[in-house]
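These protein sequence lines map, in sequence, to chains A and B.
Counting from 1, position 312 in the first sequence corresponds to residue 566 in the numbering used here; the numbering is continuous, with no gaps.
Counting from 1, position 131 in the second sequence corresponds to residue 151 in the numbering used here; the numbering is continuous, with no gaps.
Every residue, glycine too, gets a C-beta built ideally from N, C-alpha and C.
Just so you know, these numbers come straight off a predicted model, no measurement behind them.
One structure is given below, encoded as structure tokens.
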Amino acid sequence: MRDITKVFGTVKANNKVNLDIYRGEILSLLGENGSGKTTLMNMLSGIYYPDGGEVYINGELAAIHSPKEAFGYGIGMIHQHFKLVDVFTATENIILGLKEEGKLDLKKAAEKIRQICDTYGFDIDPDQKIYNMSVSQKQTVEIVKVLYRGADILILDEPTAVLTPQETEKLFAVLRNMKAAGKTVVIITHKLHEVMAISDRVAVLRKGEFVGEMITAETNEQEMTNMMVGRVVSLNIDRPEPVDPKPRIKIENLTVKSQDGILKLDDVSFTANSGEILGIAGISGCGQKELLEAIAGLQPVENGTIKYIDNDGEADELIGKDPLQIAAMGVALSFVPEDRLGMGLVGNMDLTDNMMLRSFRKGKSVFTDRKTPKALAERVVDELEVSTSSLSTPVRKLSGGNVQKVLVGREIASAPTVLLSAYAVRGLDINSSYTIYDLLNQQKKKGVAVVYVGEDLDVLMELSDRILVLCGGKVSGIVDGRTADKNQIGLMMTKLGGGADNE
Amino acid sequence: MSKVNKEPLLHITKRKELPMKQTWMIRIGAIIAALIVCAIVTMLLTGLDPFSVFGTMIYGALGTERKAIILFKELAMLLSVALALTPAFKMKFWNLGGEGQILMGAWATALCMIYMGDKIPGFLLIIICLVAAIICGAIWAMIPAFFKAKWNTNETLFTLMMNYVAIQLVAYFIILWEVPKGSGKVGIINQTTQAGWLPYIGTNSYILVIIFVAIITAGMYIYLKYSKHGYEISVVGESQRTASYVGIKVDKVIIRTLLLSGAICGFTGWMMVSGVDHTITTTLAGGRGFLGIMVSWLAQFNVIAMVFASLLIVFLGQGAGEISTNFGLNESFADIITGIILFFIIGCEFFINYKVHVRKKSGKEEA
């Protein structure tokens with residue numbers, strides 16, 4: 255790829271990027287969020303067309319207008335969000351959209367799929383329906399789909415984001431098999447230890463520009479981080495000792511069903527203490543969202559109790575109350591939800607109006623007071639170093655990290671005693687992530703009970719005092735963050751209690 | 021698998037926000053382009069001098085004092101409906117039932133005028149009519165809102181269907197009230213006593229109607245922009261999840277907002293019967309319930325812009341009507357002219373939001 259440029263509006267997503275991909279290698283494409291990794295690869299796989307520059311494949315100039323043409327060049331991409339039809343089987347999904355000669359022969363297709371699976375060591379049943387599959391199986395279907403179409407160059411966009419450590423290992427084994435079979439693999443990631451584990455070479459992008467490439471074996475995590483961020487950063491997360499931990503939220507036998515009657519939380523019991531960070535680990539969709547929303551008064555509960563214990567040791571029941579009633583009880587509960595722009599903030603409103611969300615009811619006047627929230631917005635922008643052109647910029651125009659700073663800033667402004675956060679650093683670059691960790695630690699030092707739902711086990715283990723592991727809506731166990739073992743947590747995520755699992 | 025080495029010719033990208041001045045330049049350019057196309061079409065189809073056609077159009081809309089007053093009355097009526105629909109639209113509740121809500125307001129007014137016309141003193145009767153109209157309009161909007169809030173039914177279909185219920189209901193009462201029997205028309209209600217009629221200023225009540233709508237316009241502007249209710253409406257419209265997350269009761273806001281929306285539609289119906297037409301027909305609303313949707317969208321829910329959007333539509337309507345009568349053309353010709361102008365005005369928004377590049381062979385591009 256030569257001088258590739260792609261512009262979205264005023265943003266240069268890629269600026270004169272040069273990248274070489276060699277046959278039969280595993281290349282890691284590393285960069286912070288918004289550095290243009292996915293955009294670059296989307297141009298290779300025909301989703302976007304570059305505004306400038308040329309792509310050469312095997313030395314020949316190529317113009318790729320569509321994913322179909324990309325397949326013509328042997329390029330296939332596995333996206334972060336799967337594109338599968340739930341009610342179809344694996345085979346049906348794989349052959350979907352293919353125009354083959356003759357009549358549809360599902361049996362023959364299934365046979366070919368089995369063959370591919372055997373060659374590379376995949377483990378899926380071609381006749382299984384997608385909705386019965388786990389996330390990692392769905393991902394496998396996506397990879398097989400690309401191979402079935404004869405791709406020689408596979409691009410995987412953050413494939414491990416949704417996998418447990420064990421599943422990641424399995425995926426990497428498959429990728430190594432593919433490499434051995436002469437396929438080229440490009441893996442987009444921002445997890446450094448994965449780069450070290452899997453790739454031969456690593457190419458680094460920063461702010462849409464290519465900053466360098468290295469042989470993986472000749473570099474280390476610190477050097478890669480520095481290239482990614484553009485300066486030297488420390489990679490350690492602080493973990494101050496808990497301050498006078500006292501039970502703050504006590505949950506017993508909590509059972510929650512979704513609207514369709516599916517059991518989401520099953521007999522969950524635990525206590526969150528003041529002055530500590532309780533990490534919550536689990537494969538995504540294991541009831542984390544429901545748990546936090548139940549505490550925040552947003553989720554109807556089937557059974558169980560959620561008690562809020564104030565400083566004097568008096569307990570109040572939170573179940574059956576909506577957020578307003580909870581606030582009226584004097585419970586200062588803050589919630590940083592997973593869906594920042596869809597739930598925590600209003601994307602089309604400006605910073606001031608978003609600050610008002612929590613406080614606009616104050617006062618008897620029928621009119622809104624915009625002075626106080628404006629002052630708060632100014633303070634948050636100032637203290638958390640939010641980069642925005644003005645206070646009247648709609649928050650959806652801010653970058654992910656700045657959006658999160660605005661949201662967290664508002665939530666901690668109300669001096670909470672309980673702070674719930676879901677995937678607080680998802681999609682954030684390294685700098686913003688560390689700002690958020692710092693903020694959480696500050697709250698912890700103030701005696702706030704912090705609940706941190708996370709997906710990166712390394713971070714969970716460095717940040718949390720205790721880690722609660724959820725598995726299929728049940729508590730699989732609670733471990734001490736300081737002594738926890740990553741493999742143990744991984745096992746607990748996939749199997750209750752993490753007992754003997756001989757996969 | 022084709023391997024044609026050809027770059028796509030046209031290439032569309034989203035623009036960054038343009039400065040105000042430039043967006044208005046594009047809009048004015050669009051109107052000029054629309055007029056030129058209209059002129060060409062006029063010459064080709066009718067052989068008439070386009071300038072005299074445009075002149076007639078302006079004359080038709082503003083030519084005499086009476087024409088101007090009618091223009092502003094029409095503007096007020098349309099604007100009133102657009103204002104009524106706007107809070108619902110801002111909440112992303114697609115109230116397509118304006119027509120029915122207006123009709124119910126008109127029906128309630130007619131009902132009170134007919135049955136209480138000789139029993140209650142004039143001023144009090146006007147107030148009773150007004151209250152009844154507001155209540156009926158509000159109820160007509162509240163029914164679908166209630167179902168939406170409780171069971172998440174589709175409001176587009178529901179409000180639309182409520183229009184037909186209202187039309188049938190009014191049709192029934194017209195037969196009941198018809199004067200003289202068998203005419204199928206209600207005729208002017210209380211023609212001799214003028215009971216329940218809005219007081220005249222000059223030879224009609226149009227000025228009063230215009231004043232009422234001006235007050236509603238100012239009120240709606242303040243309500244949406246500065247009140248807590250207005251803020252809640254925006255939050256619910258943008259994201260219901262955010263709204264419940266911060267403790268806004270979404271059901272309550274939906275029902276409350278639709279009560280307001282329906283009430284203003286009912287009020288408009290009252291103005292039509294009590295202030296303008298003094299009679300009731302099934303086509304009284306005259307499509308304003310739907311035209312109001314266009315005005316509200318064209319103005320992108322901005323109250324001030326709605327005044328100008330209504331003016332444009334009413335102006336085109338009145339002016340085009342004059343063309344067809346004056347030049348003895350088919351009425352459809354007026355529609356063609358209106359259509360061309362609206363096409364350009366709405367179409368230019370595309371060029372405000374997007375940029376089209378044409379690729380040259382060298383790979384360089386031009387804006």
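Item to complete: Since I believe E463 (chain A) is in contact with N269 (chain A) (beta carbons under 8 angstroms), could you give me their beta-carbon distance rounded to a whole number of angstroms?
Response: N269 (chain A) to E463 (chain A), Cβ: 5 angstroms. Contact.
Worksheet item: Beta-carbon of K248 (chain B) versus every beta-carbon of chain A: anything under 8 angstroms?
Response: For K248 (chain B), the answer is yes, since a Cβ of chain A falls inside 8 angstroms of its Cβ.
Worksheet entry | Other residues of its chain near F328 (chain B): CB distance less than 8 angstroms, five sequence neighbours each side excluded | Cβ neighbours of F328 (chain B) within its own chain (closer than 8 angstroms, five residues either side excluded): A319.
Practice prompt. Using the Cα positions of K511 (chain A) and T422 (chain A), report the straight-line distance between them to the nearest angstrom.
Written response: Using only the alpha carbons, I get a separation of about 30 angstroms.
Worksheet entry | Assigned secondary structure, G655 (chain A) (DSSP; H/G/I helix, E/B strand, else coil) | In the structure shown, the three-state DSSP call for G655 (chain A) is helix.
Practice prompt. Put E369 (chain B) into one of helix, strand or coil per three-state DSSP.
Written response: Note: E369 (chain B) maps to helix in three-state DSSP.
Practice prompt. Closer than 8 angstroms by beta-carbon distance: list the chain A residues that pair up with R261 (chain B), in chain order.
Written response: When 8 angstroms is used as the limit between beta carbons, R261 (chain B) is near these residues of chain A: D593, G596, M597, in chain order.
Fill in: Of the residues A:K383, A:A344, A:L408, A:H335, the one placed nearest Y276 (chain A), counting alpha carbons only
When each option's Cα is compared against that of Y276 (chain A), the closest is A:L408.
Worksheet item: Three-state secondary structure (DSSP) at E386 (chain B)?
Response: Unreliable positioning characterises E386 (chain B) in this predicted model, as indicated by a pLDDT of 37, which lies under 50. The coordinate reading is nonetheless provided below. It is a strand residue.
Fill in: Minimum C-alpha distance to N115 (chain B) - residue among B:L123, B:L304, B:A104
Comparing C-alpha distances from N115 (chain B) to each of B:L123, B:L304, B:A104 shows the shortest one belongs to B:A104.
Worksheet entry | Cβ contact check for the stretch 243-255 of chain B and the stretch 129-144 of chain B: 3 or more pairs under 8 angstroms | Contact fails: fewer than three Cβ-Cβ distances are below 8 angstroms.
Worksheet item: Just the Cα atoms here: how many angstroms apart are V635 (chain A) and N557 (chain A)?
Response: V635 (chain A) and N557 (chain A) have their alpha carbons spaced roughly 42 angstroms apart.
Fill in: Where M40 (chain B) falls: helix, strand or coil (DSSP)
Three-state DSSP puts M40 (chain B) in a helix.
Worksheet item: Of the residues A:Y374, A:G726, A:M478, A:P413, which one's Cα is nearest the Cα of V398 (chain A)?
Response: Nearest of A:Y374, A:G726, A:M478, A:P413 to V398 (chain A), Cα basis: A:Y374.
Practice prompt. With DSSP as the reference, please indicate the residues paired to N224 (chain B) in a beta bridge.
Written response: Looking at the DSSP output, N224 (chain B) bridges to B:I221.
Discussion item. Just to check my reading of the structure: I531 (chain A) and K698 (chain A) have Cβ atoms closer than 8 angstroms, yes? What is that Cβ distance to the nearest angstrom?
Written reply: Right, the Cβ-Cβ distance comes to about 5 angstroms (below 8 angstroms), so this counts as a contact.
Discussion item. Quick check: the Cα distance between L349 (chain B) and T301 (chain B), rounded to an integer number of angstroms?
Written reply: Each residue's Cα considered, the two are about 28 angstroms apart.
Discussion item. Measuring only the C-alpha atoms, how far is Q420 (chain A) from N741 (chain A)?
Written reply: The alpha-carbon atoms of Q420 (chain A) and N741 (chain A) are separated by roughly 8 angstroms.
Worksheet entry | Best match in B:A215, B:C285, B:T223, B:G307 for proximity to I146 (chain B) [C-alpha to C-alpha] | A check of alpha carbon separations from I146 (chain B) across B:A215, B:C285, B:T223, B:G307 identifies B:A215 as the nearest.
Fill in: Which listed residue (B:M124, B:M111, B:F92) has its alpha carbon closest to that of I275 (chain B)
That would be B:M111, whose Cα lies nearest to the Cα of I275 (chain B).
Item to complete: Going by CA-CA distance only, name the one from B:I333, B:P107, B:W160 that's closest to A128 (chain B).
Response: Looking from the CA of A128 (chain B), the closest CA among B:I333, B:P107, B:W160 belongs to B:W160.
Worksheet item: Measuring CA to CA, which of A:S675, A:K700, A:M387, A:K518 is closest to V497 (chain A)?
Response: Comparing C-alpha distances from V497 (chain A) to each of A:S675, A:K700, A:M387, A:K518 shows the shortest one belongs to A:K700.
Worksheet item: Going by the beta-carbon positions, is the gap between E308 (chain A) and L315 (chain A) smaller than 8 angstroms?
Response: Taking C-beta atoms as the reference points, E308 (chain A) and L315 (chain A) count as a pair closer than 8 angstroms.
Worksheet item: chain A partners of S203 (chain B), CB-CB under 7 angstroms?
Response: Going along chain A, no residue has its Cβ under 7 angstroms from S203 (chain B), so there is no contact; the nearest lies around 49 angstroms.
Discussion item. Mapping the DSSP letters down to three states, classify C540 (chain A) as helix, strand or coil.
Written reply: If DSSP states are grouped into helix, strand and coil, C540 (chain A) belongs with coil.
Worksheet entry | DSSP bridge partner residues for K504 (chain A) (one or two, in chain order) | For K504 (chain A), the pairing in a beta bridge is given by DSSP as A:T525, A:K561.
Worksheet item: Residues in the stretch 265-289 of chain B with C-beta within 7 angstroms of chain E's C-beta atoms, listed in sequence order?
Response: Of the protein chains in this structure, namely A and B, none is chain E.
Discussion item. I'd like the ranges of any alpha helix (DSSP H) spanning at least 4 consecutive residues and lying wholly in the stretch 316-367 of chain A.
Written reply: For the stretch 316-367 of chain A, whole alpha helix (DSSP H) runs of length 4 or above, ordered along the chain, are 321-326, 344-349.
Discussion item. Is there a Cβ of chain A sitting closer than 8 angstroms to that of S316 (chain B), yes or no?
Written reply: Against chain A, the CB of S316 (chain B) has no partner CB under 8 angstroms away; the residue lies outside that interface.
Practice prompt. For the beta strand (DSSP E) holding S588 (chain A), just list the boundary residues, first then last.
Written response: Annotation: the continuous beta strand (DSSP E) that includes S588 (chain A) extends over 587-590.
Item to complete: Verify whether the separation of the beta carbon atoms of I549 (chain A) and I534 (chain A) is less than 8 angstroms.
Response: No, the pair does not count as a contact, with Cβ atoms beyond the cut-off.
Practice prompt. Could you check what DSSP says for I311 (chain A) in three-state terms: helix, strand or coil?
Written response: Strand at I311 (chain A).
Discussion item. Could you compute how far the alpha carbon of R633 (chain A) sits from the alpha carbon of N602 (chain A)?
Written reply: Whole-angstrom Cα-Cα distance: 21 angstroms.
Item to complete: Measure the C-alpha to C-alpha separation of I140 (chain B) and G286 (chain B) and round it to an integer number of angstroms.
Response: Computed Cα separation, rounded: 22 angstroms.
Worksheet item: Of the choices A:L446, A:I491, A:K659, whose alpha-carbon is the least far from that of E477 (chain A)?
Response: Checked all of A:L446, A:I491, A:K659; the closest Cα to E477 (chain A) is A:L446.
Worksheet item: If you follow the alpha helix (DSSP H) that V323 (chain B) is part of, which residue opens it and which one closes it?
Response: 323-346 is the extent of the alpha helix (DSSP H) around V323 (chain B).
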